[in-house]
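Novice:
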Amino acid sequence: MTLRIGNASGFYGDRFDAMREMLTGGDLDILTGDYLAELTMLILGRDRLKDPAAGYARTFLRQLEDCLGLAHERGVKIVTNAGGLNPAGLADAVRHLADRLGIPVRVAHVEGDDLTASYPGSLAAHAYLGGFGIAACLRAGADIVVTGRVTDAALVTGPAAAHFGWRETDHDRLAGAVVAGHVLECGAQATGGNYAFFRNGDVRRPGFPLAELHEDGSCVITKHPGTGGFVDVGTVTAQLLYETAGARYAGPDVTARLDTVRLGQDGPDRVRIEGVRGEAPPPTLKVGLNKLGGFRNEVVFVLTGLDIEAKAALVREQLEPALGKAADVRWELVRTDRPDAPSEETASALLRLVVRDPDQEVVGRALSGAAVELALASYPGFHVLAPPGKGSPYGVFEDEYVPHGAVDHVAVLHDGRRVPVPPPQDTLVLDDVPEPALPEPLPPGPTRHAPLGLVAGARSGDKGGDANVGVWARTDEAWRWLAHELTADRFRELIPESRPLKVTRHVLPDLRALNFVVEGLLGAGAADRHRFDPQAKALGEWLRSRHLDIPEALQ
Numbered sequence: 006m007t008l009r010i011g012n013a014s015g016f017y018g019d020r021f022d023a024m025r026e027m028l029t030g031g032d033l034d035i036l037t038g039d040y041l042a043e044l045t046m047l048i049l050g051r052d053r054l055k056d057p058a059a060g061y062a063r064t065f066l067r068q069l070e071d072c073l074g075l076a077h078e079r080g081v082k083i084v085t086n087a088g089g090l091n092p093a094g095l096a097d098a099v100r101h102l103a104d105r106l107g108i109p110v111r112v113a114h115v116e117g118d119d120l121t122a123s124y125p126g127s128l129a130a131h132a133y134l135g136g137f138g139i140a141a142c143l144r145a146g147a148d149i150v151v152t153g154r155v156t157d158a159a160l161v162t163g164p165a166a167a168h169f170g171w172r173e174t175d176h177d178r179l180a181g182a183v184v185a186g187h188v189l190e191c192g193a194q195a196t197g198g199n200y201a202f203f204r205n206g207d208v209r210r211p212g213f214p215l216a217e218l219h220e221d222g223s224c225v226i227t228k229h230p231g232t233g234g235f236v237d238v239g240t241v242t243a244q245l246l247y248e249t250a251g252a253r254y255a256g257p258d259v260t261a262r263l264d265t266v267r268l269g270q271d272g273p274d275r276v277r278i279e280g281v282r283g284e285a286p287p288p289t290l291k292v293g294l295n296k297l298g299g300f301r302n303e304v305v306f307v308l309t310g311l312d313i314e315a316k317a318a319l320v321r322e323q324l325e326p327a328l329g330k331a332a333d334v335r336w337e338l339v340r341t342d343r344p345d346a347p348s349e350e351t352a353s354a355l356l357r358l359v360v361r362d363p364d365q366e367v368v369g370r371a372l373s374g375a376a377v378e379l380a381l382a383s384y385p386g387f388h389v390l391a392p393p394g395k396g397s398p399y400g401v402f403e404d405e406y407v408p409h410g411a412v413d414h415v416a417v418l419h420d421g422r423r424v425p426v427p428p429p430q431d432t433l434v435l436d437d438v439p440e441p442a443l444p445e446p447l448p449p450g451p452t453r454h455a456p457l458g459l460v461a462g463a464r465s466g467d468k469g470g471d472a473n474v475g476v477w478a479r480t481d482e483a484w485r486w487l488a489h490e491l492t493a494d495r496f497r498e499l500i501p502e503s504r505p506l507k508v509t510r511h512v513l514p515d516l517r518a519l520n521f522v523v524e525g526l527l528g529a530g531a532a533d534r535h536r537f538d539p540q541a542k543a544l545g546e547w548l549r550s551r552h553l554d555i556p557e558a559l560q
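Under our numbering, the first residue of the sequence shown is numbered 6, with each subsequent residue one higher.
1) Could you check whether the stretch 431–442 touches the stretch 484–492, counting it as contact only if at least three pairs of C-beta atoms, one from each stretch, sit closer than 8 Å?
2) Check whether the Cβ atoms of Leu189 and Pro214 sit closer than 7 Å, and answer yes or no.
3) I'd like the ranges of any alpha helix (DSSP H) spanning at least 4 consecutive residues and lying wholly in the stretch 175–262.
4) Which partner residues does Gln5 have in the DSSP bridge list?
5) Quick check on the burial criterion: 16 or more other C-beta atoms within 10 angstroms. Buried or exposed for His388?
6) Could you work out which residue in Ala141, His176, Glu220 and Arg144 is closest to Phe169 when comparing CA atoms only?
7) Just to confirm, does Val151 get its C-beta within under 6 Å of one of the non-hydrogen atoms of the ligand HEM?
8) Pull up the DSSP beta-bridge partners for Ser353, would you.
9) Give every residue of the same chain whose Cβ lies closer than 8 Å to the Cβ of Ala98, excluding the five residues on either side of it in the sequence, and list them in chain order.
10) Evaluate the contact criterion for the stretch 415–425 versus the stretch 109–116: three or more CB pairs, one atom per stretch, below 8 Å.
11) In whole angstroms, what is the alpha-carbon distance linking Arg357 and Thr29?
12) What residues match up with Ser465 in a beta bridge as DSSP calls it?
13) Considering only the beta carbon of each residue, do Ile139 and Cys224 sit closer than 7 Å?
14) Do Leu435 and Ala158 count as a contact pair if the criterion is CB distance below 7 Å?
15) For the putative contact between Gly135 and Thr152, defined by C-beta atoms under 8 Å, what is the C-beta separation to the nearest angstrom?
16) Go to Leu527, then tell me how far its beta strand (DSSP E) extends in each direction, as first and last residue.
17) Measure the alpha-carbon distance for Glu1 versus Leu294 and round it to whole angstroms.
18) Counting only the same chain and skipping the five closest in sequence on each side, list residues whose C-beta sits under 6 Å from that of Pro514.
19) Among residues of its own chain, excluding the 5 on either side of Pro211, which ones have a beta-carbon nearer than 7 Å to its beta-carbon?
20) For the structure I just gave you, are there three or more beta carbon pairs, one from the stretch 115–126 and one from the stretch 87–96, closer than 8 Å?
21) Applying the 10 Å Cβ sphere with the 16-neighbour rule, what's the burial state of Lys395?
22) Anyone know if the C-beta pair for Gly525 and Leu499 falls short of 7 Å?
23) Decide if the stretch 283–290 is in contact with the stretch 334–353; the criterion is three or more beta carbon pairs, one per stretch, under 8 Å apart.
24) Give the secondary structure of Thr480 by DSSP, where H, G and I count as helix, E and B as strand, and everything else as coil.
25) So, for Thr265: in the same chain, excluding its five sequence neighbours on each side, which residues have a beta-carbon less than 6 Å away from its beta-carbon?
26) For the alpha helix (DSSP H) containing His511, list its first residue and its last residue.
27) Apart from the five residues on each side of it in sequence, which residues of its chain come closer than 6 Å, Cβ to Cβ, to Asp148?
28) Judging by CA-CA distance, which residue of Ala145, Ile226 and Thr85 is the nearest neighbour of Thr7?
29) Where are the beta strand (DSSP E) runs, 3 residues long or more, that stay fully inside the stretch 77–162, in chain order?
30) Look at Asn473 and Glu248 and say whether their C-beta atoms are less than 7 Å apart.
31) Should the stretch 322–339 be regarded as contacting the stretch 357–369, the criterion being three or more beta carbon pairs within less than 8 Å?
32) Starting from Asp3, follow its DSSP beta bridges and name the residues at the other end.
33) Who are the near neighbours of Arg340 in its chain, counting only those whose CB is closer than 8 Å to its CB and skipping five residues on each side?
34) State buried or exposed for His414, treating a residue as buried only when at least 16 other CB atoms are found within 10 Å of its CB.
35) Could you give the distance in angstroms between the alpha-carbon of Glu557 and the alpha-carbon of Arg453?
36) Can you tell me the Cα-Cα spacing of Leu308 and Ala42, whole angstroms?
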């Protein structure tokens, strides 16, 4: 007995046509859509300030208007977290849409994650719920289930628990579904999108992934026939490492042991995942808090030709008096210029100024006026990429933890009945897994100074203010070298901005992978826009471009 679960959205703003492509491309039982991220909750919170009836992903409604009839005809149930901050509101909107289209569907939703009232000063505070509320809705006959802030993997654990009759103590099965859900949650990242070795296939328009999930929790990750991209052990490994850390991947339903995951190629565009072990979930739930941090403004000065450093120093000195009141001032000179350049663009460097302050006036008029006044009175060739604005609000992210019992997890069925979802009876406090044994190192031999990316892939991302970089080897021999060479200290050498921060290395031998967590690299989270790449999406690619002494036998 196989449950086919597909995904049609990895974030709010993903490919609009993906829902139709997934419904028409092949057989499915469940279609999921992940619309939420830490940054998205802030965006929806700001929407709700303007309109209390808002707070959900409106894109989902537009997609559903085009595809609700298709889903109904094919008997595909839809499960989505597009409800955001207002799942009840989205559920009502879906009912109105279905009535207008004349399509009989049963719509349920899950609520209880909203804890904003308990955290004064927060724009949004939401607990990460598990999948058993979704399961209750599906067991009662729902065709569409709308949630607020559940874990991304809950979109898979919920349907799987409902279909196979799993209980909360079926930890190994639930852990297998969590791993499948984690692979699916970011859509085309499992089918060649954002993949280090993207030249292995045609990724101009990768298809979206699906999982053939089995009763024992094992699955096969694949995609619809004829769609773009590709699925192999590497694309699945990359996504498994994305935004995770050590061997224990904790969630509200179960803690999945990533050090037990076994991957195998099961045919073209098919990767089997098996062997996943699970443990009781931790006794607390994560709560994501989004707050307004103040106001922010940015100016990017273009410096062209000769004397780049002197030009940067001049404009910094000229603007210094206007920046004296700002709480946070950051300058960054990006040397994109080259000597004797064949175009003006390649002869230019960028000087980036970012200013933050609780007072909008300090980063607004004071900065924009001072910058504009330099137009005819600064370095030769003065111009900016865009004039500074009035300053925009920015957000900060924090996480807290509360006992399961502090949340009223409720499944609101299609007929209006409210079914409480009890917290798990068995919990287990998270503890570090003992460091696994490393493979035998490679024997000594000649080396060549070359980019790490010749022998290793990487994928990186954000978790609040921390950055995660997963690195994996493609062969056993490369793993023998990587496991000994890429230590936490070597990581700091290669990524200089991580040197003053705590860097933790986690070893996952069965995946031939290392996972690095860099604490505080992203400031107060993605919405804080603390650095050039605020979500650390390209941090892994920067690491792959750094040079080390790599054995010639691996190149």
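Positions of the beta carbon are idealized from the N, C-alpha and C atoms, including for glycine.
Specialist: Looking at the coordinates:
1) no
2) yes
3) 176–189 and 238–246
4) Any question about residue 5 goes unanswered here, given that the chain covers just 6 to 560.
5) exposed
6) Glu220
7) Because no ligand of any kind appears in the structure shown, any question about the ligand HEM cannot be addressed here.
8) Thr309
9) Tyr61 and Leu66
10) yes
11) 46 Å
12) Val474
13) no
14) no
15) Actually they are not in contact, since the Cβ atoms of Gly135 and Thr152 sit about 10 Å apart, beyond 8 Å.
16) Premise fails: Leu527 is in no beta strand (DSSP E) and is neither H nor E.
17) Summary: the structure shown does not reach residue 1, with the chain confined to residues 6 through 560, and so no result is reported for it.
18) Pro441
19) Ala193, Thr196, Gly197, Gly198, Gly233 and Gly234
20) yes
21) exposed
22) no
23) no
24) coil
25) Gly280, Val281 and Arg282
26) No alpha helix (DSSP H) contains His511, which is instead part of the beta strand (DSSP E) from Val508 to Leu513.
27) Lys82, Val110 and Arg111
28) Ile226
29) 82–85, 112–116, 129–132 and 149–151
30) yes
31) yes
32) Residue numbering for the chain in the displayed model covers 6 to 560; residue 3 lies beyond these limits and cannot be assessed.
33) Ile313 and Ala354
34) buried
35) 6 Å
36) 36 Å
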